[in-house]
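Enquirer: Under our numbering, the first residue of the sequence shown is numbered 3, with each subsequent residue one higher.
Positions of the beta carbon are idealized from the N, C-alpha and C atoms, including for glycine.
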Amino acid sequence: MSTRCKDPCVAKLNVMRTLQGSLRESDNWKHIRLISIGVDPDTDTSGSLTDYITENDLDTTQWHFLSGTRNSIRRLSEGGLKSLMGDDTKGTDVPLMGSDQLVLVDWEGRIRGYYNSSRNEEVRILKRDIARVAFERVFLPAEVEKPDWVDDRMRTQIRVVEQSDVFSSFKFNDAITSSGITFRHRGVDDTTIEYKAVHYDHGNAVAVADVDLDGLHDIYFTTQAGSNELWRNLGNGRFEDVTTEAGLNVDDRIGVAASFADIDNDGDPDLYLTNVRIGNLLFENDGNGHFKDITDHSGTGLKAHSSGAVFFDYDRDGLLDLFVSNVGRYTTDTLSNVTLYTDKGQTSTDYQYYVGFKDAFAGHLKPERAEFSALLNNLGGNRFKDVSEDVGLVDSSWTGDAAAIDGNSDGWPDLYLVNMQGNDEYYENDQGERFVRRSRERFPKTPWGSMGIRSFDYDNDGDMDIYVTDMHSDMAENVNSSDEKQKMTEHYPESFLQTGGNSLFGNAFYRNDGNGKFTEVSDHIGAENYWPWGLSTGDLNADGFDDVFIASGMNYPFRYAANTLLLNNAGSGFLDSEYVIGIEPRKGGVTAAPLFELMCSSRDKGHIVCGSSRGRRVIWGALGSRSSVIFDLDQDGDLDIVTLEMNQPPMVLTSNLSEKKELNYLKVALVGSKSNKSGIGATVRVIAGNDVYTKMQDGKSGYLSQSLYPLYFGLGKHTEVDRIEVTWPSGKFQTVDHDIEANRLIRISESM
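1) Less than 8 Å between the CB atoms is what I'm expecting for S24 and K129, so what's the real figure, rounded?
2) Spatial neighbours of T501 within its chain, please: CB distance less than 8 Å, with the 5 preceding and 5 following residues excluded, ordered by chain position.
3) Take K346 as the anchor and find which of V620, L537, Y353 has the nearest alpha-carbon.
4) CB D270 to CB G289, shorter than 7 Å?
5) My output table needs one value for I127: the three-state DSSP class, helix, strand or coil.
6) Using a Cβ distance threshold of 8 Å, determine whether the stretch 312 to 319 contacts the stretch 427 to 444, with at least three qualifying pairs required.
7) From the DSSP output, which residues share a beta bridge with E722?
8) Classify I750 as helix, strand or coil using the three-state DSSP reduction.
9) So within the stretch 39 to 77, which uninterrupted alpha helix (DSSP H) runs reach at least 4 residues, ignoring any that extend past its ends?
10) Can you list, in chain order, the residues of its chain whose CB lies under 8 Å from that of A744, leaving out five sequence neighbours each side?
11) Would you say I643 and F576 are within 7 Å of each other, going by their C-beta atoms?
12) Just to confirm the assignment: which complete beta strand (DSSP E) runs, minimum length 3, are found wholly within the stretch 230 to 297?
13) For L342, tell me which candidate among E196, L250, A263 has the shortest Cα-Cα distance.
14) Roughly how many angstroms separate the alpha carbons of L672 and K679, rounded to a whole number?
15) So is I468 buried or exposed if we call it buried at 16+ other beta carbons inside 10 Å?
16) Closest by CA to S85, which one among W65, V107, R746, H66?
17) Taking only three categories from DSSP, how would you classify H307?
18) Does the stretch 239 to 250 come within contact of the stretch 186 to 193, defined as at least 3 CB pairs closer than 8 Å?
19) Rounded to whole angstroms, what's the CA-CA distance from E147 to F560? Just pull it up for me.
20) Give the single residue among M453, D465, F458, D459 whose Cα lies nearest to the Cα of D476.
21) Throw me the rounded Cβ distance for the S309 and A259 pair, which I believe falls under 8 Å.
22) Alpha carbon to alpha carbon, how far is T91 from R72?
23) In the DSSP assignment, find the unbroken beta strand (DSSP E) run with Q159 in it and report its ends.
24) For the stretch 694 to 701 and the stretch 734 to 754, state whether three or more C-beta atom pairs, one from each stretch, are separated by less than 8 Å.
25) Assuming T757 is part of the alpha helix (DSSP H), what are its boundary residues?
26) The alpha helix (DSSP H) that contains I527, what's its start and end?
27) How many whole angstroms separate the CB atoms of G516 and E530, which I take to be in contact at a CB cut-off of 8 Å?
28) Only counting runs of 3 or more residues, tell me where the beta strand (DSSP E) segments fall wholly within the stretch 458 to 504, in order along the chain.
29) If you draw a straight line from the alpha carbon of S579 to that of D416, how long is it in whole angstroms?
30) Are S629 and G704 touching if we call contact CB-CB under 7 Å?
31) Give every residue of the same chain whose Cβ lies closer than 8 Å to the Cβ of L367, excluding the five residues on either side of it in the sequence, and list them in chain order.
32) Per DSSP, which one or two residues make a beta bridge with Y667?
33) Are the stretch 370 to 380 and the stretch 275 to 285 touching, with three or more C-beta to C-beta distances below 8 Å?
34) Who does E427 pair with in a DSSP beta bridge?
35) Determine the DSSP secondary structure at L395, reduced to helix, strand or coil.
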């Protein structure tokens with residue numbers, strides 16, 4: 003259209019006006035947008051378009067009037083809408099539409115039809131096609147499109163946090179577009195078109211390390227179908243895909259976890275990947291960010307339903323050992339091709355996966371499906387040996403992840419194993435010679451469906467507390483959004499639980515009381531949430547107390563559940579704050595995305611979602627995160643968050659804290675000599691005035707992942723640090739009390 007065009011444009015205007023009137027009465031009106039494009043850049047300005055709308059008494063409810071430069075209009079019309087344009091014969095350089103064409107564009111940006119606005123029959127067909135296209139998009143469940151509880155939760159969180167002294171005047175912004183990252187997670191069909199309750203929906207990992215030693219931390223994503231990807235940090239929040247160049251183009255197996263560790267003490271991060279059944283992989287870094295597959299040589303290529311992988315030096319010989327958690331057999335021997343859905347349609351790919359058991363979550367009741375996790379001792383020379391039986395660490399619980407924790411403060415790292423279908427297990431390290439099972443002695447009750455774990459000092463009392471998230475207990479009961487902070491009141495019968503009444507049905511937070519004693523305080527400090535997977539910790543507001551991000555949500559075919567962000571209230575507890583500091587709502591307020599399509603009249607006739615429907619259906623399901631990592635992505639002094647999303651691109655949540663307050667912080671990187679090179683297992687204490695901040699360098703960055711990055715200490719109001727104390731894995735105690743400037747990275751080398 004053009005505002006100076008008379009009769010022809012008025013005729014098209016009236017067609018659009020009539021179309022708007024008839025569509026307004028349809029059930030799909032809220033999803034429909036009418037667009038009129040001004041093609042006279044000099045005349046069709048925002049002001050003239052506004053006057054045009056007023057003069058013609060047009061209803062702009064869901065009817066938008068746009069314009070732009072001549073080139074942008076031509077690109078949209080000819081390149082996008084495939085509609086030819088011509089020039090004004092009077093030579094005024096005004097592009098005009100070549101016909102009276104109306105173009106129908108669907109949800110995914112695909113052109114679905116062209117119609118001559120001057121022909122009544124074609125306009126009638128357009129209305130029919132609009133109804134068909136609108137009917138194609140199906141939200142499952144329906145409320146996932148726009149949850150009705152979001153606004154109330156936002157208001158409640160803002161009110162509570164504003165009444166506290168916790169600093170919250172900063173925001174996170176999803177910078178995925180400007181980051182340049184185009185990775186997209188792809189799940190197998192058991193998570194989408196052939197959905198069943200099977201462990202594939204546990205998702206994948208995101209981990210970070212400075213793989214090329216340029217001072218910037220790079221990001222590695224794993225996926226179930228397609229290739230894992232390594233994204234090199236270019237600085238200023240920008241990244242480039244270097245997967246192939248780095249030798250990490252892994253696309254022949256079903257990925258799960260990623261753990262960075264310096265296995266050979268040469269100063270660069272190596273990488274271990276777990277996979278489903280086909281075999282795990284170990285890659286050695288050459289120091290320049292190029293990796294070599296040394297799996298066969300190393301003896302680490304376990305073939306099982308592997309999940310988390312934890313590097314720690316259990317025998318304190320200076321070499322990092324490896325614990326691999328194997329879940330249990332949740333797949334059949336049947337192979338099936340993965341279905342790939344894009345905005346160009348749906349196709350079957352060459353990627354294959356093992357179809358899951360329909361009763362996968364009853365696997366813990368079937369001894370024949372049990373798998374033993376494995377402890378691999380680092381022998382040196384990049385070779386490992388399975389010593390599980392030798393040291394008494396023989397465990398067949400359904401373990402998805404684990405953490406190395408010095409629970410009794412004797413200097414020897416113990417292991418806490420989260421059991422996703424039963425009670426957690428705890429193995430105490432006896433001088434590096436053996437592991438002694440002390441599960442119920444130390445932790446009488448644990449979550450029944452544990453998923454993620456993190457050990458950190460939440461109250462700054464100098465010892466490590468333990469936070470365990472419980473996913474599977476939340477699957478026993480459908481709760482209202484207002485009850486998400488409560489433990490489950492309904493749960494499975496004991497015949498299914500098999501835990502002898504020793505279960506919690508929700509998250510657990512074990513406060514460390516010293517001397518190997520822990521008290522469960524999750525409800526008291528506000529640590530409960532709904533549908534949690536993994537958690538990451540970091541001092542997001544740099545006030546000296548670590549906060550928590552919990553990747554949450556169940557995706558299709560369940561309702562939307564928000565990610566959880568807990569701001570630490572000076573060690574007294576946590577405040578729900580995801581809607582306060584911009585973690586939620588997600589960018590654009592979006593809560594669902596297209597997952598797969600069904601051709602209900604042909605190919606997919608009989609699919610449970612089709613029912614009696616006919617024609618094409620595009621199924622939209624809830625968004626949901628699985629793993630996360632917290633680190634200073636853009637080197638501006640504050641902490642950012644990167645997530646791994648199920649069947650979607652990641653979120654790159656960058657903080658503007660450095661713009662909102664005067665930051666005081668310290669980053670500490672460790673360089674071991676007698677201890678392992680990265681100082682994994684070291685305890686670091688930063689003393690500033692009367693405050694002591696304690697962290698353990700365990701590399702545990704989030705669910706299913708380990709990362710290598712400096713420890714980050716928020717210093718609150720302190721502008722100076724008095725001293726730093728390091729207890730190395732070797733047992734060496736070291737003090738640094740000079741040249742400690744705030745707001746910088748300090749490297750501490752283990753003294754001989």
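Expert: Looking at the coordinates:
1) Indeed, because the Cβ distance is near 7 Å, the residues count as touching under 8 Å.
2) Within the same chain, T501 has close Cβ partners G424, N425, W450.
3) For K346, the nearest C-alpha among the options comes from V620.
4) Annotated as proximal: D270 and G289, with beta-carbon spacing under 7 Å.
5) In this structure, I127 counts as helix in the three-state DSSP scheme.
6) Here the stretch 312 to 319 makes contact with the stretch 427 to 444; the two share three or more CB pairs at distances below 8 Å.
7) Looking at the DSSP output, E722 shares a beta bridge with E743.
8) I750 falls in the strand class under three-state DSSP.
9) Those alpha helix (DSSP H) runs which fall completely within the stretch 39 to 77 and span 4+ residues are 48 to 57, 72 to 76.
10) Once the five neighbours on either side are set aside, the close Cβ partners of A744 are N666, Y667, L668, L717, H720, T721, E722, V723.
11) Their beta carbons are not under 7 Å apart, which means I643 does not touch F576 by this criterion.
12) Taking only runs of at least 3 residues, the beta strand (DSSP E) segments lying wholly in the stretch 230 to 297 are 231 to 237, 240 to 243, 257 to 263, 272 to 277, 283 to 287, 293 to 295.
13) With distances taken between Cα atoms, L342 lies closest to E196.
14) Take the alpha-carbon of L672 and the one of K679: they are about 8 Å apart.
15) Classification of I468: buried, given that the 10 Å Cβ count is 16 or more.
16) Closest option to S85, Cα to Cα, is V107.
17) H307: strand per DSSP, three-state reduction.
18) Counting Cβ pairs under 8 Å, fewer than three are found: no touch.
19) If you draw a straight line from the Cα of E147 to the Cα of F560, it comes to about 12 Å.
20) Checked all of M453, D465, F458, D459; the closest Cα to D476 is M453.
21) With 8 Å as the limit, S309 and A259 qualify as a contact, their Cβ atoms being about 6 Å apart.
22) With a pLDDT of 49 at T91, under the threshold of 50, the modelled position of that residue is not reliable, and no figure is offered here.
23) According to the DSSP assignment, Q159 belongs to no beta strand (DSSP E) but to the alpha helix (DSSP H) extending over 152 to 164.
24) At 8 Å Cβ cutoff, the stretches do not touch.
25) Outside the shown range of the chain (3 to 754) lies residue 757, about which nothing can therefore be said.
26) Looking at the DSSP string, the run of the alpha helix (DSSP H) that includes I527 is 524 to 527.
27) Incorrect: roughly 25 Å between the Cβ atoms, too far for contact.
28) The qualifying runs are 467 to 472.
29) Their Cα atoms are separated by approximately 33 Å.
30) One thing to note: S629 has its Cβ within 7 Å of the Cβ of G704.
31) Hits under 8 Å: F498, Q500.
32) Its beta-bridge partners are G716.
33) No, they do not touch.
34) Partner(s): L419.
35) L395: coil per DSSP, three-state reduction.
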